[in-house]
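Okay, structure first, notes after.
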Amino acid sequence: MVNYGGDEVSALVIDIGSSSLRAGYAGDDAPKAIIPSSYGYIPPSVHSDNGDVRMNESGASESVSKAKSFFGHSGPSIWRANMEIGNPITDGLITDFGPIPALFRHALEDVMRCSASEHPILVTEPSWNTTANRERMAEIMFEEFQVPAFYVANTSVLNTFAAGKGSALVIDIGQSTASVVPVVDGFVLRKGLQHSSLPKLVHAHARHLLTAPNPVRRPADLYPYQLISSKQAVEPNAPPRYTLREDRLAGTTQSWREWYEAREVEEWVQSVAGVLDQGWNDQLIVQHRQHKQYEFPTGYNAWFGPERFGVGEMYFHHSPQLVAGNPDIPKHIPGLITDSLRACDPELRQVLISNVVLTGGGSLFSGLADRLGSELARSFPHFKIHAPGNPIERRYGGWLGGSILASLGTFHQLWISREEWQEHGKAIVGQRCK
Amino acid sequence: MASASDVRSILSLPAVSSPAAGPSQPKNQVAVSNRKPEGISRELYSLIGPSAPTLLAQLAQPRLKQKPNLGGGGKVKWEWRLFKNGARSDSLKLGHWVKATDNPDADYKFAKYNAQPTVYEWSQDEYSRHLEDSEWTKEETEYLFKLAQEYDIRWHIINDRYEYPSGPKREIEDLKDRYYSVCRKLIRNRTWAGDEFSKSQLLLSFQYDKEREILRKKYVASLANRTPEQIQEEEALYIEIKRLDQNERQFKRDRENLLRTIAGVDSGLPDIIEDDASLIIADPKKKKLKGIDLDIPQTPVLTAPVMRRPPALNKNAVYDTTHCIIRNDPPSTTPATKVAHTPAYFRSVRISYPKAGIADKVNALLAEVGVTNSRLVMPTHANCQRLESVTDAATNLIELKRVLDKVNLDIEVLKNRLQLREDGGDSASVADATEMDDRGDTAEPEGENGRSQSVLSARSTRSRKHTRRSMSISSVDTTVATSSRPSTKRQKRM
């Protein structure tokens, strides 16, 4: 059973990102539990109706512990009166540890039906994670979940491993953050680490495109299905005919509504938006590119032409006016790559650029890999992009790498054991997980 | 992969032994121990013995192909066993599935991959004696070595993580240089247990040339920092150089050919080649700027190589004799063409051999006097000359002898003629008589044997008649046979 140096000790791998949390057994090729990172909660002030509303700064996590929370697939996506939506992740980092144990517990116990105290657990972290964060994570794991052993690994390194490499330039495009990380021999070069909230910019651009008044199209209303009681089929670009569920409108919180609208925009982006593989070209778009039809939950539907390619263009090019208007606009991907490589040793640049790993769910954006290839070809004579064609591998590359790592026989000496945790305390995390 | 039986044994389920098992389950045959009796061949016994194929086997139900049994067959008991990793310092016990037959006390088999690099340490005394460096404090050096151990001497990582508080900014070359120089000094100054060779090998492995590395990295960086335009220009220049080079070579070839034709110089024109080389190396930028004009070479100097002929031509007799130089002056009468020119050669090649017609005789003669005419063992100038003179003498002798023989023969012939002329009539009657005999001989088989006639038919009877006649007439003048056509013609005219 010892193939390729593997030795499975039934470890668990948990990979948490802005959009979803992935958990599963090490050695599998796909996570068993994939649940949204966002969760719904009904604040106790409304829930208990006692009126003792605490308005202090750390109120969010405090209130969550008392609040009734909803996790998983039937958590935030189901409409509940007065349900707020929270997300523990900001810019790829866990900023609110309050709901984390509950999220993990839901994934492990409710979805996977296993007990964390029986399995070593490997948790992922973004490359720019803080020491305090990873120590907090270790604390949660050892103190709350009673895990026998724990390890925290870097998503960029894991993505490199998932691609079967030791050194790579990992371009990870997630839901909220895009990062370019040079990995050499399984270690992140921190000086070359670059990340920006580019996907958010793209999202905002798409939202603006859909909702702002427009000479060609009417702005779309982004009501979710949950708030629509009935609708009628209408002609493309005709005003939609639908009725809202007035009973729900009152109980709908702003955060739930925003979350759902973001989902609507995301869905539109995923199904309609794209990027040209050779850069923006007005003539090409007018001549060859197909228009795509899309219908919103309100029944409003329209054909989207050239503008759907403008969305993807945001990943690679920012117009001078836009940059002038927003000085701290997130850097686009070529900019991130250039900055990252500039910080690396000249000797490494060729190694890295010939081992580009494209990963993350955002990288599944239509035409992005091709465009990235043509962008790289402009500045580098020899480059190679490793982009798995399988969307599961692309989306859960970090988890997959963790699954590989935690099932290696040689890895088991690296686990932080419970004993070590009790002996050395938090310092052991930084020593062991470099 | 675990087979079904593995899974069953893992889950502690009883093994399925009912006949209703799947087709992949081979039935356990009762082992019948019937040995092959002595004296019967194996092939025969397999046909007639108890295991002989029966019809039953062919009538049996068709089955699926058996799965290959890779696990060596039989049941394998697996168990979840806790193990201790020898590479760990704590008592963490992880569990994994192993075969129950495996030795539970064996070391964890991945522990051996936990190889630690050798890390050098030093005492305070050693440091103050050998390792002092104005740029490095002892603490920083220790920090560097700690990092080196932590990251297994992966320099790019060490450089990335190197954050020594209040230390100067260090480049990766500084770190490497310090590390390797400390290691070298320690190896050099410590007592070495092994032999000298292994010590020098180890020292060699810690060799590091900082300046060179920095220079190399600069090259790498400059190579990487080229703009596309620069790369294009570089490529264009490269192609241009190639083209120029080709032109140059073509030109050189042409010139050489020309020189051969004109001055009769053959190989070995080093000055010309040098001339070309200097021409090619000349500033490529300048060439590039000039562009296409350069297709016409700048230096069509035909006279230059001729003028610069080495001073081998100045004839200094004193110099030659002191250095034993003997010159073979080319014959001045021959035109200075390529054909006339002779490149360098061995002296022995020039030894003249006798003419093919009389070579055998000359060789025989030389052998008679005890001189071998084959290659000289020591073909010095004097030896060659002497051999040549001997050969010449022999040749002359042979020639003279031939002439003498010829003259003697002529005298003999003329004497005979004189004799013939003195008694001419006798000889004519004799000739007639022989002719008549000859005719009788040929006529006789003509009637008898058709075959001989056909053989003789190549000669026409008419020509034979002529022959006969001419013979009778001309027999007086000559003894030579007169069947040739010119003579018959002459006869006709007469």
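Sequences listed follow chains D and F, in order. So in the working numbering, spot 100 of the first sequence is number 171, and the numbers just go up one at a time. So in the working numbering, spot 104 of the second sequence is number 101, and the numbers just go up one at a time. All C-beta atoms in this analysis are idealised placements derived from N, C-alpha and C, irrespective of residue type, glycine included. This structure is a prediction, so every number in the text was calculated from the model and none was measured.
With 16 other Cβ atoms within 10 Å as the buried cut-off, status of residue i
{"i": "T202/D", "result": "exposed"}
{"i": "L67/F", "result": "exposed"}
{"i": "H362/D", "result": "exposed"}
{"i": "H320/F", "result": "exposed"}
{"i": "T195/D", "result": "buried"}
{"i": "Y159/F", "result": "buried"}
{"i": "G88/D", "result": "buried"}
{"i": "L41/F", "result": "exposed"}
{"i": "Q58/F", "result": "exposed"}
{"i": "P310/D", "result": "exposed"}
{"i": "L383/F", "result": "Rather than Leu, the amino acid found at residue 383/F in this sequence is Arg. When all chains shown are included, R383/F counts as exposed."}
{"i": "Q416/F", "result": "exposed"}
{"i": "V382/D", "result": "buried"}
{"i": "L471/D", "result": "buried"}
{"i": "Y75/D", "result": "exposed"}
{"i": "Q265/D", "result": "buried"}
{"i": "V251/D", "result": "buried"}
{"i": "A152/D", "result": "exposed"}
Check whether residue i and residue j have beta carbons under 8 Å apart
{"i": "L240/D", "j": "I424/D", "result": "yes"}
{"i": "V346/D", "j": "F436/D", "result": "yes"}
{"i": "Y110/F", "j": "T481/D", "result": "yes"}
{"i": "L506/D", "j": "I456/D", "result": "Chain D is shown only over 72 to 505; residue 506/D falls outside these bounds and no answer can be derived."}
{"i": "R509/D", "j": "L412/D", "result": "Residue numbering for chain D in the displayed model covers 72 to 505; residue 509/D lies beyond these limits and cannot be assessed."}
{"i": "L394/F", "j": "L362/F", "result": "yes"}
{"i": "T248/D", "j": "I299/D", "result": "no"}
Closer than 8 Å at the beta carbon, the chain F residues around residue i
{"i": "E180/D", "result": "What E180/D touches in chain F: nothing, since even the nearest Cβ is about 20 Å away."}
{"i": "L260/D", "result": "H153, I154 and D157"}
{"i": "A220/D", "result": "L89 and L91"}
{"i": "R420/D", "result": "A221"}
Closer than 7 Å at the beta carbon, the chain D residues around residue i
{"i": "Y110/F", "result": "T481"}
{"i": "G71/F", "result": "Neighbours of G71/F on chain D: none; closest Cβ ~17 Å, over 7 Å."}
{"i": "H93/F", "result": "D78, E79 and V80"}
{"i": "S142/F", "result": "It should be noted that the sequence gives Phe, not Ser, for residue 142/F. None at all; the shortest Cβ gap to chain D is about 17 Å."}
Between the CA atoms of residue j and residue i - distance to the nearest angstrom
{"i": "A104/D", "j": "S450/D", "result": "41 Å"}
{"i": "F141/D", "j": "Y117/F", "result": "57 Å"}
{"i": "H389/D", "j": "H403/D", "result": "7 Å"}
{"i": "T318/F", "j": "A379/F", "result": "14 Å"}
{"i": "I355/F", "j": "V315/F", "result": "41 Å"}
{"i": "M208/D", "j": "R319/D", "result": "38 Å"}
{"i": "L397/F", "j": "S345/F", "result": "28 Å"}
{"i": "G431/D", "j": "Q198/F", "result": "48 Å"}
{"i": "I106/D", "j": "E338/D", "result": "17 Å"}
{"i": "S9/F", "j": "D99/F", "result": "18 Å"}
{"i": "K249/F", "j": "E231/F", "result": "26 Å"}
{"i": "P170/D", "j": "A221/F", "result": "48 Å"}
{"i": "D100/D", "j": "Y222/D", "result": "20 Å"}
{"i": "I348/F", "j": "A390/F", "result": "14 Å"}
{"i": "I192/D", "j": "I85/D", "result": "7 Å"}
{"i": "V259/D", "j": "N372/D", "result": "46 Å"}
{"i": "G83/F", "j": "I487/D", "result": "15 Å"}
{"i": "T314/D", "j": "E214/D", "result": "50 Å"}
{"i": "G433/D", "j": "V305/D", "result": "32 Å"}
Cross-chain neighbours of residue i in chain D, by beta carbon under 9 Å
{"i": "Q88/F", "result": "It should be pointed out that residue 88/F corresponds to Ser in this sequence rather than to Gln. Those are S488 and E490, listed as they occur along chain D."}
Chain F contact residues for residue i, given Cβ-Cβ distances below 7 Å
{"i": "P417/D", "result": "K214, V217, A218 and A221"}
Chain-ordered chain D contacts of residue i [CB-CB under 8 Å]
{"i": "I169/F", "result": "D416"}
{"i": "N100/F", "result": "Chain D residues near N100/F: none, gap ~15 Å exceeds 8 Å."}
{"i": "N82/F", "result": "H483 and Q484"}
{"i": "F194/F", "result": "Per Cβ cutoff of 8 Å: no residues; F194/F is ~32 Å from chain D at best."}
9 Å Cβ cut-off: residues of chain F touching residue i
{"i": "P191/D", "result": "L89 and L91"}
{"i": "V255/D", "result": "R151, H153, I154 and D157"}
Residue-level contact to chain A via CB, residue i, 8 Å cutoff
{"i": "R85/F", "result": "Among the chains of the structure shown, chain A does not appear; the protein chains present are D and F."}
Subject >> Touch test, the region 93 to 107 of chain F against the region 72 to 79 of chain F, Cβ-Cβ under 8 Å, three pairs minimum >> reply: yes
Original post:
For the 8 Å Cβ check, are there 3 or more pairs between the region 451 to 465 of chain D and the region 486 to 501 of chain D?
Top reply: no
**OP:** May I ask you to verify whether the region 289 to 301 of chain D touches the region 327 to 340 of chain D, counting CB pairs closer than 8 Å and requiring at least 3?
**Re:** yes
**OP:** Mind the definition here: the region 171 to 180 of chain D touches the region 217 to 235 of chain D only if three or more C-beta pairs lie below 8 Å; say whether that holds.
**Re:** no
Original post:
If you pair each beta-carbon of the region 151 to 165 of chain F with each one of the region 197 to 215 of chain F, do three or more pairs fall below 8 Å?
Top reply: no
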